[in-house]
Ligand SMILES: [Zn+2]
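Here you go:
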């Protein structure tokens, strides 16, 4: 489960930001996870408590902002909703999809005390 390592990194980055702001603890953390990022939100949620233990994020609420995947076809210009197993344009079947949304993996917001 590579989400454990990813979640640990997210917690480390968030804790760094919190310390910069002079916070004593983090109340909530909002993380944006794109459907095409290869990261499973449920797994991050599962790993979060373990990774947050003993840090400023212990007991913080984790809010996941899930972003659906979207792609634009270079052949026909159609924009469509895609998932990580979509390789061809759903409109014309061309293998010419550019991902326009869904690869995000970032910390959106940090509520500190
Ligand atoms: Zn197309």
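Residue numbers (the working numbering): 200 to 312.
Ideal Cβ positions, reconstructed from N, Cα and C, are used throughout, including at glycine.
Residue i classed as buried or exposed, judged by whether at least 16 other C-beta atoms fall within 10 angstroms
i, result
"residue 291", "exposed"
"residue 309", "buried"
"residue 296", "buried"
"residue 311", "buried"
"residue 249", "exposed"
Residue i to residue j span [Cα, whole Å]
i, j, result
"residue 301", "residue 265", "9 Å"
"residue 223", "residue 279", "44 Å"
"residue 241", "residue 306", "16 Å"
"residue 214", "residue 237", "24 Å"
Integer-rounded CB distance, given that residue j should sit under 8 Å from residue i
i, j, result
"residue 268", "residue 235", "4 Å"
"residue 203", "residue 228", "Not confirmed; about 16 Å, so no contact."
Coarse secondary structure for residue i, derived from DSSP in three states
i, result
"residue 265", "strand"
"residue 241", "helix"
"residue 253", "coil"
query: Are three or more beta carbon pairs between the stretch 210-229 and the stretch 251-258 nearer than 8 Å?
result: Contact holds between the stretch 210-229 and the stretch 251-258, because three or more Cβ pairs, one in each stretch, are under 8 Å apart.
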